[in-house]
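Visitor: Mind having a look at this structure? Questions to follow.
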Amino acid sequence: MSRSRSSWASPRGYERSLEPIEPELGGRGASKSNASRSLIDATTEKLAAFVSRKLDDVDLVAMFIDGIEFVNHAVVIAQGVTIDGTKVPLGLWAGSTENAVVATALLQKVIEHGLRVDESMLFVVDGGKGLRKAVRDVFGDRAIVQRCQVHEAALLGPSLLVALAEEPLPKSSDASDTRQRAFSLLVTAYDEVRRAVTFVRWAENDVDAFAPSLYAKSRKRRPGAGDDDDGDMDGGDAVAPVVSPPDATPS
């Protein structure tokens with residue numbers, strides 16, 4: 246990588262990244278402070294346009310709400326999904342934590358900008374109570390709230406380790422009960438992971454890159470994997486493995 250190319254993202258190296266010009270032409274506005282100020286001004290303008298834009302022409306069937314940590318602040322982000330699967334960023338709101346107050350402020354601001362929710366709509370949130378409460382408070386009976394399956398699947402790992410005796414069980418139990426619980430939890434975990442992979446498949450439009458072993462028709466990855474000649478996905482449905490319940494006889 247060249248020196249100029251690697252310094253493009255840094256205001257300190259902005260002047261060095263510019264193409265050379267004739268000395269008699271001179272130059273200005275290329276210093277570190279000018280580059281930094283220009284970047285801040287442009288970002289501020291873009292952000293102001295984003296948070297103030299009208300949403301009255303957006304027709305959604307679902308909304309995903311989640312929080313991220315950014316420089317010791319919790320930023321709650323709302324993203325809508327239209328009937329054809331198009332993702333529409335709706336807004337963001339910063340606060341000290343991912344709580345109901347912050348989420349409520351974000352949702353109310355989205356409504357002020359014209360978003361119409363006249364009928365029931367799906368809201369996908371994590372397991373936290375704050376986001377769920379905010380959705381209920383703002384949208385009432387129109388909100389159909391579902392816990393994000395990706396978050397849910399991620400939480401199954403510790404429970405599965407306990408059930409499979411990779412970690413101590415909370416209470417002692419005989420071998421047959423342990424095996425039976427492990428079998429039941431394994432089947433449940435597989436179903437939850439399958440649902441999570443289905444979401445990833447929809448979100449990223451690529452099955453093979455994530456979990457090919459979860460699909461009955463496993464195959465080598467190829468360029469453009471997941472697309473048939475007619476443009477449809479060629480992964481088939483996820484099929485749970487055929488397994489038999491463990492022997493209930495204590496060992």
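Residue numbers for the sequence shown follow our numbering, so the first one is 246 and each next one is one higher.
Virtual Cβ for every residue (Gly too), placed ideally from N, Cα, C.
#1: Note down, in chain order, each residue of its chain lying with its Cβ closer than 6 Å to the Cβ of F368, except the 5 sequence neighbours on either side.
#2: Between which two residues does the beta strand (DSSP E) holding I322 run?
#3: Can you give me the C-alpha to C-alpha distance between G336 and T327, rounded to a whole angstrom?
#4: Specify the secondary structure class of E290 as computed by DSSP and reduced to three states.
#5: Does the count of Cβ pairs from the stretch 280–288 and the stretch 296–310 closer than 8 Å reach three?
#6: Can you tell me which of R439, T288, D382 puts its alpha carbon nearest to the alpha carbon of E397?
#7: Just grab the DSSP bridge partners of D311 for me.
#8: Which same chain residues end up closer than 8 Å to G469 when comparing Cβ atoms and leaving out the 5 residues on each side of it in sequence?
#9: Excluding the 5 residues preceding and the 5 following V393 in the sequence, name in chain order all residues of the same chain whose CB lies nearer than 6 Å to its CB.
#10: Please go through the same chain and pick out, in chain order, the residues whose beta-carbon is closer than 6 Å to the beta-carbon of D492, but skip the five residues on each side of it.
#11: Please determine, among L431, L351, G359, the residue with the shortest C-alpha to C-alpha distance to D382.
#12: Could you check which residue in V355, R377, E343 has the C-alpha nearest to that of D301?
#13: Closer than 6 Å by C-beta to D436: which residues in its own chain qualify, once you throw out the five before and the five after it? Chain order, please.
#14: Report buried or exposed for I313, applying the criterion of at least 16 other Cβ atoms within 10 angstroms of its Cβ.
#15: Run through DSSP, which three-state label would P490 get?
#16: Would you please state the rounded distance, in angstroms, between the beta carbons of G340 and V346? I believe it to be under 8 Å.
#17: Going by beta carbon distance, what residues of the same chain come within less than 7 Å of T342, once the five residues before and after it are set aside?
#18: Starting from Q391, follow its DSSP beta bridges and name the residues at the other end.
#19: Given a cut-off of 9 Å, decide if V395 and A434 are closer than it, judged by their beta-carbon atoms.
#20: Using DSSP's beta-bridge definition, name the partner residues of V333.
#21: Helix, strand or coil, according to DSSP, for G340 in the structure here?
#22: Three-state secondary structure (DSSP) at V347?
#23: If you draw a straight line from the alpha carbon of G215 to that of R361, how long is it in whole angstroms?
#24: Leaving out the 5 sequence neighbours to the left and right, which residues in its chain are closer than 8 Å to Q353 when beta-carbon positions are compared?
#25: Quick one: Cα of K374 to Cα of N317, how far?
#26: Specify, as a first and last residue, the run of the alpha helix (DSSP H) that D382 falls within.
#27: Among H358, N344, E357, which residue has its Cα nearest to the Cα of K378?
Guide: So, to answer that:
#1: Start at 1 with the first residue of the sequence shown, and residue 368 comes out as number 123. Excluding sequence neighbours, F368 sits near M308, V380, A388, V390.
#2: In the sequence shown, residue 322 corresponds to position 77, counting from 1. Segment 318–326, the beta strand (DSSP E) holding I322.
#3: The sequence position of residue 336 within the sequence shown is 91, counting from 1. The sequence position of residue 327 within the sequence shown is 82, counting from 1. One C-alpha to the other measures close to 16 Å.
#4: Residue 290 sits at position 45 when you count from the first residue of the sequence shown. Helix, per DSSP.
#5: no
#6: Taking the sequence shown and counting its residues from 1, the one referred to as residue 397 is at position 152. When only C-alpha atoms are compared, the closest one is R439.
#7: Counting from 1 along the sequence shown, the entry for residue 311 is found at position 66. I322.
#8: The residue labelled residue 469 in the question sits at position 224 within the sequence shown. Low per-residue confidence applies at G469: pLDDT is 47, beneath 50, and the placement is therefore not dependable, though the value from the model is reported in the following sentence. Here the set comprises nothing.
#9: Stepping through the sequence shown from its first residue, residue 393 is reached at position 148. Position check: residue 393 holds Cys in this sequence, whereas Val was assumed. Excluding sequence neighbours, C393 sits near V369, D371.
#10: One-based indexing of the sequence shown puts residue 492 at position 247. Confidence in D492 is poor, its pLDDT being 46 and thus under 50, which makes the residue's placement too unreliable to answer from.
#11: The residue labelled residue 382 in the question sits at position 137 within the sequence shown. Of L431, L351, G359, the residue nearest in Cα terms is L351.
#12: The residue given as residue 301 occupies position 56 in the sequence shown. It is V355 whose Cα lies nearest to the Cα of D301.
#13: Start at 1 with the first residue of the sequence shown, and residue 436 comes out as number 191. Around D436: no qualifying Cβ.
#14: Translated into positions along the sequence shown, residue 313 becomes position 68. The residue in question, I313, is exposed, as its Cβ has fewer than 16 Cβ neighbours within 10 Å.
#15: What you label residue 490 is simply residue 245 of the sequence shown in a count that begins at 1. Summary for P490: the model assigns pLDDT 43, below 50, so the residue's position carries little reliability, and this model does not support an answer.
#16: Counted from its first residue, the sequence shown places residue 340 at position 95. Counted from its first residue, the sequence shown places residue 346 at position 101. Confirmed, about 7 Å.
#17: Translated into positions along the sequence shown, residue 342 becomes position 97. Excluding residues within five positions, the ones whose Cβ falls inside 7 Å are A319.
#18: As a position in the sequence shown, residue 391 is number 146, starting the count at 1. For Q391, which the question treats as bridged, DSSP gives the partners V369.
#19: If you number the sequence shown from 1, residue 434 lands on position 189. If you number the sequence shown from 1, residue 395 lands on position 150. Going by C-beta atoms, A434 is not nearer than 9 Å to V395.
#20: To locate residue 333, count along the sequence shown from 1; it is residue 88. According to DSSP, V333 bridges with G325.
#21: Numbered from its first residue, the sequence shown carries residue 340 at position 95. Reduced to three states, the DSSP call for G340 is strand.
#22: The residue you call residue 347 lines up with position 102 of the sequence shown. For V347, the three-state secondary structure derived from DSSP is helix.
#23: As displayed, the chain neither begins before 246 nor continues past 496, which places residue 215 out of reach and without an answer.
#24: To locate residue 353, count along the sequence shown from 1; it is residue 108. Excluding residues within five positions, the ones whose Cβ falls inside 8 Å are V383.
#25: Mapped onto the sequence shown, residue 374 falls at position 129. Mapped onto the sequence shown, residue 317 falls at position 72. So the two alpha carbons sit approximately 21 Å from each other.
#26: Sequence index remark: in the sequence shown, residue 382 carries index 137 (1-based). D382 -> alpha helix (DSSP H) spans 374–384.
#27: Looking up residue 378 in the sequence shown gives position 133. The shortest Cα separation from K378 among H358, N344, E357 belongs to N344.
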